[in-house]
Amino acid sequence: MNLAATQFRRIAVIAKPNAADQLKSTLHELQDLLRARGLQLLPDRLSAEVLGLGEGSSVVELARQSDLAVVVGGDGTLLDAARQMADQEVPLLGVNLGRLGFLADVNPRDLRGILNAVLDGHCDEDRRFLLNAQIGDGPSVLAFNDVVLHKWNIARMIEFETWIDGRFVYTQRSDGLIVSTPTGSTAYALSGGGPLLTPGLDAIALVPICPHTLSNRPIVVHADNRIEISVCGHTDPQDVRITCDGAVSLTIEADEKLRIHRHPVPVRLLHPVGYDHFDVLRAKLGWGGMPQN
Numbered sequence: 420m421n422l423a424a425t426q427f428r429r430i431a432v433i434a435k436p437n438a439a440d441q442l443k444s445t446l447h448e449l450q451d452l453l454r455a456r457g458l459q460l461l462p463d464r465l466s467a468e469v470l471g472l473g474e475g476s477s478v479v480e481l482a483r484q485s486d487l488a489v490v491v492g493g494d495g496t497l498l499d500a501a502r503q504m505a506d507q508e509v510p511l512l513g514v515n516l517g518r519l520g521f522l523a524d525v526n527p528r529d530l531r532g533i534l535n536a537v538l539d540g541h542c543d544e545d546r547r548f549l550l551n552a553q554i555g556d557g558p559s560v561l562a563f564n565d566v567v568l569h570k571w572n573i574a575r576m577i578e579f580e581t582w583i584d585g586r587f588v589y590t591q592r593s594d595g596l597i598v599s600t601p602t603g604s605t606a607y608a609l610s611g612g613g614p615l616l617t618p619g620l621d622a623i624a625l626v627p628i629c630p631h632t633l634s635n636r637p638i639v640v641h642a643d644n645r646i647e648i649s650v651c652g653h654t655d656p657q658d659v660r661i662t663c664d665g666a667v668s669l670t671i672e673a674d675e676k677l678r679i680h681r682h683p684v685p686v687r688l689l690h691p692v693g694y695d696h697f698d699v700l701r702a703k704l705g706w707g708g709m710p711q712n
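Residue numbers (our numbering): 420 to 712.
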């Protein structure tokens with residue numbers, strides 16, 4: 420996909436706290452490249468501190484000010500940036516200083532060439548949806564990977580009901596339930612035995628965590644379905660937590676429902692030209708072999 424090169428004039432730079440020594444050199448390389456092209460660098464607070472550029476801005480502020488965000492860190496840093504910037508539809512380019520790199524797929528060694536290509540409008544764009552989670556009448560929380568209902572008391576299972584578009588699905592006793600986007604299907608849901616979903620699929624996976632009944636298997640539903648989960652009466656709500664992307668933790672009361680649906684505004688991820696999701700899966704999951712012919 421060729422994007423208009425002139426649309427990227429104000430570049431947000433978002434860095435991972437407590438990152439490796441490579442962070443400093445990567446940020447300085449970014450700064451030099453953007454200066455050479457006459458573009459405005461908008462640092463977050465950590466990047467500003469490393470580069471000596473004053474106080475910097477919050478990620479939410481950067482979402483309103485920038486045309487492109489370069490996220491330097493790992494997948495977790497990119498997940499956090501995606502949640503905070505999604506409603507402004509700021510494209511994200513991830514530079515991987517972490518371990519996995521499913522989302523942040525630019526190697527720092529290749530940064531100069533890839534970023535120059537992106538700034539010239541030569542890149543592949545990948546639009547992915549988030550989940551919107553709400554408990555009762557409380558505020559909505561976004562999740563890029565997953566919304567997880569899980570036990571808080573390590574010694575007890577929890578019991579809950581699941582409804583989809585107002586239709587009863589099941590009552591389940593387990594350690595919890597992972598409600599995953601296609602992006603999250605390579606994360607916690609994969610560890611729970613869930614299916615791998617290609618990123619562009621309009622689907623949500625419901626993956627039980629250690630269910631008491633072995634016939635409770637993962638279910639894949641349409642991304643437009645609305646999911647409701649309520650804790651059964653004899654399960655103490657104090658034994659239950661809801662976590663979004665492993666970062667945002669919520670509590671639920673006995674008379675409340677957890678409502679989950681697709682967020683209307685997608686995340687825009689930018690990749691080098693020729694990006695292939697299956698190449699990433701082969702590399703990260705250790706799938707062997709190449710085509711015979």
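For every residue, glycine included, the Cβ atom is placed at its ideal position computed from N, Cα and C.
- Please classify Ala501: does DSSP put it in a helix, a strand, or coil? Along the sequence shown, one-based indexing puts residue 501 at 82. The DSSP-derived three-state label of Ala501 is helix.
- Item | Integer Cβ distance of His682 from Leu561, believed to fall under 8 Å | Here residue 682 refers to the residue found at position 263 of the sequence shown. Here residue 561 refers to the residue found at position 142 of the sequence shown. Sure, about 6 Å apart at Cβ, within 8 Å.
- Whose CA, out of Ala673, Val667 and Thr602, lies closest to the CA of Thr617? The residue labelled residue 617 in the question sits at position 198 within the sequence shown. For the residues Ala673, Val667 and Thr602, the minimum Cα distance to Thr617 belongs to Thr602.
- If we ignore side chains and look at the alpha-carbon of each, how far apart do Lys703 and Phe521 end up? Stepping through the sequence shown from its first residue, residue 703 is reached at position 284. Stepping through the sequence shown from its first residue, residue 521 is reached at position 102. Spanning the two alpha carbons is a distance of roughly 7 Å.
- Message: Distance check for His631 and Val489, CA to CA, integer angstroms please.
- Response: Position 70 of the sequence shown, counted from the start, is the residue given in the question as residue 489. Position 212 of the sequence shown, counted from the start, is the residue given in the question as residue 631. Using only the alpha carbons, I get a separation of about 44 Å.
- Task: Return the CA-CA distance between Val639 and Phe548, expressed in angstroms with no decimal places.
- Result: Within the sequence shown, residue 639 is the residue found at index 220, counting from 1. Within the sequence shown, residue 548 is the residue found at index 129, counting from 1. Approximately 15 Å, taken between the alpha carbons.
- Does the beta-carbon distance from Phe724 to Val686 come in below 8 Å? An answer regarding residue 724 cannot be provided, because it is not within the stretch 420 to 712 covered by the chain.
- Query: In whole angstroms, what is the alpha-carbon distance linking Arg464 and Arg483?
  - Reply: As a first step, residue 464 is located in the sequence shown; it is residue number 45 there, counting from the start. As a first step, residue 483 is located in the sequence shown; it is residue number 64 there, counting from the start. Taking the Cα positions, Arg464 is about 15 Å away from Arg483.
- For Leu497, which residues of its own chain have a beta-carbon under 7 Å away from its beta-carbon, when the five flanking residues on both sides are left out? Locating residue 497 in the sequence shown gives position 78, where the first residue counts as 1. For Leu497, where only same-chain residues beyond five positions count, the Cβ hits under 7 Å are Val490, Leu511, Gly513, Leu522 and Ala523.
- Task: Would you kindly report the start and end of the unbroken alpha helix (DSSP H) that includes Leu446?
- Result: Here residue 446 refers to the residue found at position 27 of the sequence shown. Note, Leu446: alpha helix (DSSP H), Gln441 to Ala455.
- With a cut-off of 8 Å on the beta carbons, I'd call Ile628 and Gly611 a contact; round off their distance for me. Looking up residue 628 in the sequence shown gives position 209. Looking up residue 611 in the sequence shown gives position 192. About 6 Å separates the two Cβ atoms, so the contact holds.
- Query: Any idea which residues DSSP pairs Thr602 with across the strands?
  - Reply: The residue labelled residue 602 in the question sits at position 183 within the sequence shown. According to DSSP, Thr602 bridges with nothing at all.
- Message: Assuming contact is defined by CB atoms lying nearer than 8 Å, are Leu452 and Val432 in contact in what I supplied?
- Response: For the purposes of this step, residue 452 is taken as the residue at position 33 of the sequence shown. For the purposes of this step, residue 432 is taken as the residue at position 13 of the sequence shown. Their beta carbons are not under 8 Å apart, which means Leu452 does not touch Val432 by this criterion.
- Task: Could you round the C-beta distance between Glu580 and Ser649 to whole angstroms and report it? I think they count as a contact, below 8 Å.
- Result: As a position in the sequence shown, residue 580 is number 161, starting the count at 1. As a position in the sequence shown, residue 649 is number 230, starting the count at 1. About 5 Å separates the two Cβ atoms, so the contact holds.
- Task: Name, in chain order, the residues that DSSP records as bridge partners for Cys663.
- Result: The residue you call residue 663 lines up with position 244 of the sequence shown. Cys663 is bridged to Val566 and Val667.
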